[in-house]
Every structure is written in structure tokens, then in C-alpha cells.
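Position one of the sequence shown corresponds to residue 192 (my numbering), numbered consecutively onward. Even for Gly, the Cβ is constructed at its ideal location relative to N, Cα and C. None of these values were measured; they are calculated from a predicted model. Inspection log for the structure reproduced underneath, given as C-alpha cells.
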Amino acid sequence: MNIAIVGTGYVGLVSGTCFAEMGVDVTCVDIDREKVEALRKGIIPIYEPDLDGMVKRNVEQGRLHFTTDLADCIDDVDIVFSAVGTPPDEDGSADLKYVLDVARTFGQNIKKYTLLVTKSTVPVGTAAKVKAVIAEELAKRGEEIPFDVASNPEFLKEGAAIADFMRPDRVVVGVDSERARKLMSRLYRPILLSNFRVIFTDIPSAEMIKYAANSMLATRISFMNDIANLCELVGADVNMVRLGIGSDTRIGSKFLYPGCGYGGSCFPKDVKALIKTAEKAGYDMKVLRAVEDVNQNQKGILIEKLLKRFNNDLKGKNIAIWGLAFKAGTDDMREATSLTVINKLSKAGATIRVYDPVAMNECRRRMGDKVIYATDAYDALVDADAMLLLTEWKQFRIPSWKVVLRTMRKPIIFDGRNIYDPSELELAGIEYHSIGRK
């Protein structure tokens, strides 16, 4: 089977490479010529464990190709996936410009029945807009070429995307014709043979599933952060609370970890987009508005604790930051808590020294000379008056407390992910602050 995937961002590149790994002939399309040339050489623009080796292998074995023009390959493919970006518009709604551009190009170039599948996260009703654009382009050509539109939202976790694709919890496919269903069943046959769930739905439901899933996860995070903040005020321990409620099979333990706020390319954008979708339909998503508010406040929770500890005066203080990416396993800093923290520290007059295992270049691109870039985790602590841990990278989990004590001016740690044992730090002589614990 031959397919094309338009967009070589996170979703497009991972999906295309994994399909190639399953034996599909894949052509990835991107208008960025430099990126395409780099990809042909096996140089990938994102950090994702094991992806670079998989890209190189499938390029060398002739199953993975890259081009700048969909027209170059559209005659030879059965399915075109649209995996372009849907950034938030000024009002928070998803910007569908690139999605509709793909539909336009598709309509201008197909010569036989072809299926266009939207893999990007898009609001309910997008498939109808895509279909209308394709029909318009075919009418301009005076052609009546059969086509179908489908929805196949992605559920990839950054840092574990390849495993998620190859061994998914579920694959959701929204179709409105038997022909499209059979084609997608054929494509996902390796998944079906491995007994992973492929769920077929109508197209609007598939579009809604993606937003509803991410919004539910974001809601669980904000709920636990609210509980954690209350635990501090009433003397409870949020870790014990989390274990207690997570043991209830109706609730479960996933995404019940309190911290200093969620970020990334999905949760913030998708919550905003679902709120805006509801507004356009005449409905107010009150719960999700609260989820957003709690998360925005939580991103500043460590700064509040820091200011309280230093009597609201951070001028001239050296503050170290461990972790810049929005989560471990990626260099993605979109909507990361670190951006909020750095901006607030900078305004307060602090000197900021940062370290992250993979996101240093991304931080340089975003923050420039606002911060000092350390060479390693301990270098970030040199003469620090306090350290803020923002990302739970494994290499931060068991540091040498003796080195920490020798390196910092004042051994004070603010743990934004609750990864340390308070009693261990107390024995080491380190002042420790966490979230939702005594």
C-alpha cells in the first residue's frame, strides 16, 4: 500500500515513519525544502527517542520518502494523511488554514479515487469543510472524481510516541463510507492482527474523541493540583490522597500527579479549542474554563513559594532551574511551565541559570540571553540561592546531595514535580519545598 502524509512535524513524521516500519510505502510531504533535504539524510528536526534510527533505516530500505510537493506522489497513493498544524487562533479556536490548504491541493491534483484522512487535531465539523473545499476544486476542474474524507486522530505521547503508535491503547477512525472503512482496515491490518483495538465511528465523533480525551486528562491534572494546594492549607499529604483515590478502580491512578502545571502542544491548545467549539455551538464549558484557570495559576505556584521564602525580594538572587521541557522525554517547550517561571524570575530581578538534558537549544531559541546556560545539572547550581525543579527527567531523580550542598550558596530546593523524599533531604541538611505535602 502507498500513502502520503502532508506535514513532517511531530505527528506526521512519527506516523509516517511507523507506517513505513510496518511495510507501507510512505511519502512525507513538507513545503520546507531545507527540512526535506535534512530528512532525506536522516537528520530529524525533533527529539523523540529512537526516531532518528527508524527514519534512517526506512529511508535506506526504500519505504520512506520525502518531497516538497504532494503532486509529485498523489497519482501513486491510495490515502493522503493531513498532519499539518492547527495552531490556536487569536480567540483560542483552532486555525484550519493549513488543513484547508491540504484539502485544496488534494482537490486540484487527484486523478482517481483517493481517501483524504485528517490526522491533525481539528474541531468537530472540520471534515465537512474539507469535503466542501475538495468538491469546489474538482468543480473548477470540471471533473467528477470519487473521493472520501475520514478522521484518524492521533494519541501519541511525546517521549513514547513510537511505542504508542506500534502498541496503541486504541486507534480511532471516523468514516462515512464502506469504501473508506475497508481502505483504513487494510492500512491498520498489522494493528488488528496484533489484537489492538481499532474503533470505527462516524466522523464528527472521531473529531470529538480527540478533544474530549485530552480535555479529560487536563481536567484530572488540574483537579489534583487544586487538591494539592488545599492539602497544604489543611495539613494533608497529597501523595497519600492520590494513592487513596487512585486505588478506586472507578478513578484509577493515571494523571493524578500534582505538579507545577501542564504544558505542551496538545493539552493547552485542545482545551482552548474545545471551549471555543462549545461557544460557537451556544454552550459554555464551565469545567474546562476552570481547568484552564487552575493550570495558569499552577504555573506560578513555585514562584509564589519562592517569593514567600525570600520575603518578596529576589533581586540579585541566583536561581537555578532543572528542567525546561514541558515534560521529560522531549525538547518541546510549547506552553512549558519553565517559560512562565523564567519570565517571572526575570521581572523580579533574579539571575537565572538553567539546565535541561535535551531542551537547551530550544530554550536559547525562545529565551535568548535571559538566562545563563549551564553545562550540566550541577553547574546550574553554582552559587545558587535556590533551585526549582520543573521537569522530572530521570537523571534528576537521585542526585548527589553532597555535591548539591557543596555547590549551592543556600541549599534550598523547590520541587515542582514531587520527585524527592522530604525526609531524605531533611537528613541531608537541605531545605525542601514541594506541592501539596507538609
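Annotated as distal: residue 287 and residue 197, with beta-carbon spacing of 8 Å or more. Residue state for residue 529 is assigned as helix, using DSSP reduced to three classes. Close CB contacts of residue 254 within its chain, under the 6 Å cut and outside five residues either way in sequence, are with 211, 216 (chain order). Contact annotation, residue 547 with residue 516: C-beta distance approximately 6 Å; criterion of less than 8 Å satisfied. Considered as a whole, the region 512-592 harbours 542-546, 577-580 as its complete beta strand (DSSP E) runs of no fewer than 3 residues, in chain order.
Here residue 383 is exposed, its C-beta having fewer than 16 other C-beta atoms within 10 Å. Within the same chain, 412, 415, 433, 608, 609 come within 8 Å of residue 448 by CB-CB distance, once the 5 residues on both sides are set aside. In the three-state reduction of the DSSP assignment, residue 270 falls in the strand class.
In the three-state scheme derived from DSSP, where H, G and I count as helix and E and B as strand, residue 284 is classed as coil.
Under the Cβ criterion (8 Å, minimum of three pairs), the region 262-273 does not count as touching the region 435-444. Looking from the CA of residue 489, the closest CA among 501, 421, 585, 209 belongs to 421. For residue 301, same chain residues with a beta-carbon under 7 Å away, outside a window of 5 residues either side, are 265, 336, 338 in chain order. When secondary structure is reduced to three states using DSSP, residue 619 falls in the helix class. Contact check for residue 348 and residue 202: beta-carbon distance about 12 Å, past the 8 Å limit, so the pair fails to qualify. Note: residue 605 is bridge-paired with 579, 624 in the DSSP secondary-structure output. Here residue 453 is buried, its C-beta having at least 16 other C-beta atoms within 10 Å. Runs of the beta strand (DSSP E) spanning 3 or more residues and lying entirely within the region 290-333 occur at 305-309, in chain order. Between residue 521 and residue 478, the CB-CB gap reaches or exceeds 8 Å.
A distance of 8 Å or more separates the beta carbons of residue 206 and residue 257. For residue 587, the CB contacts under 8 Å within the same chain, skipping 5 residues up- and downstream, are 513, 514, 568, 580, 610 in chain order. With distances taken between CA atoms, residue 362 lies nearest to 388 out of 388, 242, 589, 403.
If you draw a straight line from the Cα of residue 226 to the Cα of residue 236, it is about 7 Å long. In this structure, the alpha-carbon of residue 438 lies about 45 Å from that of residue 192. With contacts defined by Cβ atoms closer than 8 Å, residue 270 and residue 318 do not form a contacting pair.
Looking from the CA of residue 574, the closest CA among 552, 360, 603 belongs to 603. A Cβ-Cβ contact shorter than 8 Å links residue 545 with residue 571.
Distance from the CA of residue 617 to the CA of residue 583, rounded to the nearest whole angstrom, comes to 20 Å.
Minimum Cα-Cα distance from residue 329 among the listed residues 541, 425, 295, 500 corresponds to 295. Annotated three-state conformation of residue 339 is strand, per DSSP. Each of 378, 372, 332 was checked against the Cα of residue 195, and the nearest Cα belongs to 378. Taken through DSSP and simplified to helix, strand or coil, residue 505 comes out as coil.
Taking the Cα of residue 589 as reference, the smallest distance to any Cα among 360, 561, 518, 619 is reached at 619.
According to DSSP, residue pairing for residue 210 in a beta bridge does not occur.
Residue burial annotation: residue 278 is exposed, with fewer than 16 other C-beta atoms found within 10 angstroms of its C-beta. In this structure, residue 275 places its C-beta atom within 8 Å of the C-beta atom of residue 290. Spanning the alpha carbons of residue 615 and residue 423 requires a straight line of approximately 20 Å.
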